[in-house]
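**Student:**
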Amino acid sequence: MIWIGDVLVSRGEGGVYNERMLGGARVWEPYRSKLAALYHVGKGVELEPSLRVLYLGAANGTTVSHVADYTEAVYAVEFAPRPMQDLIEVARRRKNVIPIMADATRPETYAPIVEAVDLIYQDVAQPGQAAIAIRNCLFLKPGGYLILMLKTRSVDVRKDPAIVFDETIAALKEAGFIVLESVWLTPYHQDHAAIICTKPAKPGE
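Sequential numbering of the sequence shown, starting at -11, is according to my numbering.
1) Take Leu39 as the anchor and find which of Ala25, Ala61, Ala189 has the nearest alpha-carbon.
2) Closest by CA to Thr140, which one among Ser53, Leu23, Leu107, Val152?
3) Between Tyr19 and the ligand NAP, is there a pair consisting of the residue's CB and a ligand heavy atom that are separated by less than 7 Å?
4) Just curious, the beta strand (DSSP E) that Asp215 is in, first and last residue?
5) What are the boundary residues of the alpha helix (DSSP H) that Ser142 is part of?
6) Which residues does DSSP pair with Met(-11) in a beta bridge?
7) Assign Gln73 to buried or exposed, taking buried as 16 or more other Cβ atoms, counted over all protein chains shown, within 10 Å of its Cβ.
8) Between which residues of its own chain and Ile(-10) is the CB-CB distance below 7 Å, once the five residues before and five after are set aside?
9) Under three-state DSSP, which class holds Glu1?
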């Protein structure tokens, strides 16, 4: 990751969402992006030029644009029509962003488009977030990473966020993932947590 002092940045064309510039680089603001917040409060996954990323819940493309600055390709899945318009504009300016209008709960609908990826990043505001991640990991290379941004209130507003957090980790482990890091995103995002996993390679792979 690229830091200028204690400021996280990405090197790419600015003006995507009126972000600040610093030393010719785009400031990646942790209050605007949960992934940026993760790099401030935890370790996360180092983004590298060779990585191919499946991004679930791309929204307007704010964080997508920063991820694209670091990586080879970003398959950006978004279901809602209005943010999809902004995402398409991001893709127009960044040729390594592939916008896909689809429902992340139905990965079979975009399976013909998405190749094997090194990283799945998920940020969806709906119930069953662990199940969505597990379903989409058919695209993940052995040894690849999953970053699940858990929106606990979207899973079950009646439950204590800590319980939702623990249940999500248990579901990922049961599905065969190795949890590498789990961290709350406070003070940047309340009741949100990041869970970083890896998909172990099977013998002979």
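All residues carry an ideal CB built from backbone N, CA and C; glycine is no exception.
**Tutor:** A quick look at the data gives this:
1) Reading the sequence shown from its first residue, position 51 is the one you call residue 39. Nearest of Ala25, Ala61, Ala189 to Leu39, Cα basis: Ala61.
2) Mapped onto the sequence shown, residue 140 falls at position 152. That would be Val152, whose Cα lies nearest to the Cα of Thr140.
3) Absent from the structure shown: the ligand NAP. Ligands present: none.
4) For the chain, the structure presents residues -11 to 193; residue 215 sits outside this window and is missing.
5) For this step, residue 142 is matched to residue 154 along the sequence shown. 140 to 143 is the extent of the alpha helix (DSSP H) around Ser142.
6) Residue numbering aside, residue -11 sits at position 1 when the sequence shown is read from its first letter. In the DSSP output, where bridge partners are listed per residue, Met(-11) has none listed.
7) In the sequence shown, the residue the question calls residue 73 occupies position 85. Looking at its Cβ environment, which holds fewer than 16 other Cβ atoms inside 10 Å, Gln73 is exposed.
8) Residue -10 sits at position 2 when you count from the first residue of the sequence shown. Counting only Cβ-Cβ distances below 7 Å, and skipping sequence neighbours, we find Val(-3), Ser(-2), Arg(-1), Ala13.
9) Counting from 1 along the sequence shown, the entry for residue 1 is found at position 13. It is coil, neither helix nor strand.
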